[in-house]
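Peer 1: Once you've had a glance at the structure underneath, I'll fire off some questions.
Number of protein chains: 2
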Amino acid sequence: MDLTEKTLSSETQFDGKIIHVRRDIVELPNGHQTFREVVDHHGGVCVLALDSQNRALLVRQFRYPYREVLREVPAGKLERGEDPERAALRELHEETGARPGQFQSLGELYPSPGYCGEIIRMYLARDLVFEGAEPDEDELLDVERVPFDALVEQVLSGEIRDAKTIAAVLKTKLLLEL
Amino acid sequence: MDLTEKTLSSETQFDGKIIHVRRDIVELPNGHQTFREVVDHHGGVCVLALDSQNRALLVRQFRYPYREVLREVPAGKLERGEDPERAALRELHEETGARPGQFQSLGELYPSPGYCGEIIRMYLARDLVFEGAEPDEDELLDVERVPFDALVEQVLSGEIRDAKTIAAVLKTKLLLEL
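The listed protein sequences derive, respectively, from chains D and Z. So the first sequence is residues 1063 to 1240, counted in the working numbering. So the second sequence is residues 1063 to 1240, counted in the working numbering.
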């Protein structure tokens, strides 16, 4: 079955610094017309970093949309056209001071494909060397180290709710049989 | 460290049917002011449903923000105030015709907490009985059945990129040791 939807018109609703929002009129494969609300985003990166004692680096930060402090793997936004691997290494270093000897992809994550066009690239970093962290002046966060096994349990219990952290941790658990 | 951000003002940018977008001015714990772009959403539900032969029900549908067909677990939006479990059972039935004898929570997923306030509740359904599926007239999708082991491999290989599908499949794999 052909499932492709054709764009008939597109109207920008909000052109922000982080997100761009549009409302498009589309034609469905059955000939009907409907609308799509779309959030465009340049994309993000995240890194599950494991130290020599197999502890994961997590950042605690206030997430304004939920008005709560979440624990997540280090992450950040891509600038337009920026290389994702380079961005991931930069964010990891800025937030935690870590530079990895080993670095590999954990694949892509589509956070909420019904309305959101963001792609998050996930990475696994090991053989860490630590230099000073350099968080942005207004990027207020705490870094903690959590034994990887305990982190897997926190994901399975539902305590960790951030999608990229769940995906990166459980993929690593199963891929590396850690 | 207190990480709480205080709202100073909030301005609606787009009031859509699916999403509501606002730009808020906030005061950081260090006293600085900055802005937050926020996408509000009533929340979503998804269901990993396994049949008697341990095959997962997946839906293939065109996801307009990415302009590609994705394979995902059945899912849908919450109406304001709707009970998530009831919504999940409804969506599963509408999209696949399945009604489960066993139904349990797999926890919550925060898709992209930097700017998005959506919460997706995840469920696992088993002991399925099938009646006729009743997709919405304009909800065009294909349903397939995939052996659970093969689906786990597709998640680990990066072929499956939808966040809720990755999370529900890998949590189930590790929780049930399937």
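The beta carbon of each residue, even a glycine, is placed where N, CA and C say it ideally should be.
Just the chain D side, please: which residues come within less than 7 Å of P1091 (chain Z) by C-beta, in chain order?
Peer 2: Within the second sequence, numbered from 1, the residue matching residue 1091 (chain Z) stands at position 29. Residues of chain D passing the Cβ test: L1202.
Peer 1: Per the DSSP calculation, R1142 (chain Z) is bridged to which residue(s)?
Peer 2: Taking the second sequence and counting its residues from 1, one reaches residue 1142 (chain Z) at position 80. Paired residues: none, contrary to the question.
Peer 1: Is the separation between the beta-carbon of I1181 (chain Z) and that of G1105 (chain Z) shorter than 8 Å?
Peer 2: By 1-based counting over the second sequence, the position of residue 1181 (chain Z) is 119. By 1-based counting over the second sequence, the position of residue 1105 (chain Z) is 43. Yes, the Cβ-Cβ distance between I1181 (chain Z) and G1105 (chain Z) is below 8 Å.
Peer 1: Can you tell me whether DSSP reads D1064 (chain D) as helix, strand or coil?
Peer 2: On the first sequence, position 2 is the one that residue 1064 (chain D) refers to. Note: D1064 (chain D) maps to coil in three-state DSSP.
Peer 1: Measure from the alpha carbon of E1130 (chain Z) to the alpha carbon of each residue in Z:R1207, Z:P1162, Z:R1223, then state which is nearest.
Peer 2: Taking the second sequence and counting its residues from 1, the one referred to as residue 1130 (chain Z) is at position 68. Of Z:R1207, Z:P1162, Z:R1223, the residue nearest in Cα terms is Z:R1223.
Peer 1: In chain Z, what lies closer than 7 Å to F1165 (chain D) by C-beta?
Peer 2: Along the first sequence, one-based indexing puts residue 1165 (chain D) at 103. Within chain Z, no residue comes near F1165 (chain D); the closest Cβ sits about 16 Å away, beyond 7 Å.
Peer 1: Which two residues bound the contiguous alpha helix (DSSP H) that contains L1218 (chain D)?
Peer 2: Your numbering for residue 1218 (chain D) matches position 156 in the first sequence. L1218 (chain D) -> alpha helix (DSSP H) spans 1210-1218.
Peer 1: Could you name the residues that DSSP lists as bridge partners for A1118 (chain D)?
Peer 2: Your numbering for residue 1118 (chain D) matches position 56 in the first sequence. Paired residues: D:L1112, D:V1208.
Peer 1: Measuring only between beta-carbons, confirm whether D1211 (chain Z) sits less than 8 Å from chain D.
Peer 2: Working through the second sequence from its first residue, we reach residue 1211 (chain Z) at position 149. No, because no Cβ of chain D sits closer than 8 Å to the Cβ of D1211 (chain Z).
Peer 1: Measuring alpha carbon to alpha carbon, tell me which residue in D:D1200, D:E1067, D:D1102 is nearest H1082 (chain D).
Peer 2: If you number the first sequence from 1, residue 1082 (chain D) lands on position 20. Nearest of D:D1200, D:E1067, D:D1102 to H1082 (chain D), Cα basis: D:D1102.
Peer 1: Report yes if the CB atom of D1200 (chain Z) is closer than 8 Å to the CB atom of T1096 (chain D), and no otherwise.
Peer 2: Along the second sequence, one-based indexing puts residue 1200 (chain Z) at 138. Along the first sequence, one-based indexing puts residue 1096 (chain D) at 34. Yes, the Cβ-Cβ distance between D1200 (chain Z) and T1096 (chain D) is below 8 Å.
Peer 1: Residues of the region 1214-1230 of chain Z with a CB closer than 7 Å to any CB of chain D: list them in chain order, please.
Peer 2: Cβ contacts with chain D: L1218, G1220, R1223, D1224, A1225, I1228, A1229.
Peer 1: My guess is that L1213 (chain D) and A1118 (chain D) are in contact by the Cβ rule of under 8 Å, so how many angstroms apart are they, rounded?
Peer 2: For the purposes of this step, residue 1213 (chain D) is taken as residue 151 along the first sequence, with counting starting at 1. For the purposes of this step, residue 1118 (chain D) is taken as residue 56 along the first sequence, with counting starting at 1. Confirmed, Cβ separation roughly 5 Å.
Peer 1: Please list, in chain order, the residues of the region 1082-1112 of chain D that have any C-beta partner in chain Z closer than 8 Å.
Peer 2: Residues V1083, R1085, D1086, V1088, L1090, P1091, N1092, H1094, T1096, F1097, R1098, E1099, V1100, V1101, D1102, H1103, G1106.
Peer 1: In this structure, how does DSSP classify E1134 (chain Z) when only helix, strand and coil are distinguished?
Peer 2: One-based indexing of the second sequence puts residue 1134 (chain Z) at position 72. Strand.
Peer 1: If you compare alpha carbons, which of Z:K1226, Z:P1209, Z:E1193, Z:L1186 is closest to A1111 (chain Z)?
Peer 2: As a working note, residue 1111 (chain Z) is residue 49 in the second sequence. Cα-wise, what sits closest to A1111 (chain Z) is Z:L1186.
Peer 1: Closest to G1169 (chain Z) by CA distance: which of Z:K1233, Z:E1089, Z:V1088, Z:N1116 is it?
Peer 2: Residue 1169 (chain Z) sits at position 107 when you count from the first residue of the second sequence. Here the closest residue by C-alpha is Z:K1233.
Peer 1: Could you tell me which chain D residues have their CB closer than 8 Å to the CB of G1179 (chain Z), listed as they occur along the chain?
Peer 2: Here residue 1179 (chain Z) refers to the residue found at position 117 when the second sequence is read from its first residue. Near G1179 (chain Z) (Cβ distances below 8 Å), the residues of chain D are P1127, Y1128.
Peer 1: Anyone know if the C-beta pair for V1107 (chain Z) and A1160 (chain Z) falls short of 8 Å?
Peer 2: Residue numbering aside, residue 1107 (chain Z) sits at position 45 when the second sequence is read from its first letter. Residue numbering aside, residue 1160 (chain Z) sits at position 98 when the second sequence is read from its first letter. No; because the gap between Cβ atoms is not below 8 Å, this pair is not in contact.
Peer 1: Taking any Cβ of chain D, which residues in the region 1148-1162 of chain Z have a Cβ under 7 Å from it, in chain order?
Peer 2: Within the region 1148-1162 of chain Z, no residue qualifies.
Peer 1: Can you tell me which of Z:S1167, Z:E1067, Z:E1144, Z:E1089 puts its alpha carbon nearest to the alpha carbon of V1109 (chain Z)?
Peer 2: To locate residue 1109 (chain Z), count along the second sequence from 1; it is residue 47. Per the Cα distances, Z:S1167.
Peer 1: Could you spell out where the alpha helix (DSSP H) holding L1238 (chain D) opens and where it closes?
Peer 2: Here residue 1238 (chain D) refers to the residue found at position 176 when the first sequence is read from its first residue. It spans 1225-1238 - the alpha helix (DSSP H) in which L1238 (chain D) sits, taken as one unbroken run.
Peer 1: Using only alpha-carbon positions, find the residue among D:P1175, D:L1171, D:R1183, D:Q1115 that is nearest to F1210 (chain D).
Peer 2: As a working mapping, residue 1210 (chain D) is identified with position 148 in the first sequence. Nearest of D:P1175, D:L1171, D:R1183, D:Q1115 to F1210 (chain D), Cα basis: D:Q1115.
Peer 1: Assign H1094 (chain D) to one of three DSSP states: helix, strand, or coil.
Peer 2: In the first sequence, residue 1094 (chain D) corresponds to position 32, counting from 1. It is coil, neither helix nor strand.
Peer 1: If I measure Cβ to Cβ from R1133 (chain Z) and keep anything under 7 Å in the same chain, skipping five residues before and after, which residues do I get?
Peer 2: Counting from 1 along the second sequence, the entry for residue 1133 (chain Z) is found at position 71. For R1133 (chain Z), where only same-chain residues beyond five positions count, the Cβ hits under 7 Å are L1120, R1122, I1222.
Peer 1: Are the C-beta of Y1172 (chain Z) and some C-beta of chain D separated by less than 8 Å?
Peer 2: Working through the second sequence from its first residue, we reach residue 1172 (chain Z) at position 110. By this cut-off, Y1172 (chain Z) is an interface position.
Peer 1: Using the beta-carbon of each residue, which ones in chain D are nearer than 8 Å to K1079 (chain Z)?
Peer 2: Reading the second sequence from its first residue, position 17 is the one you call residue 1079 (chain Z). By Cβ distance, chain D contributes F1097, E1099.
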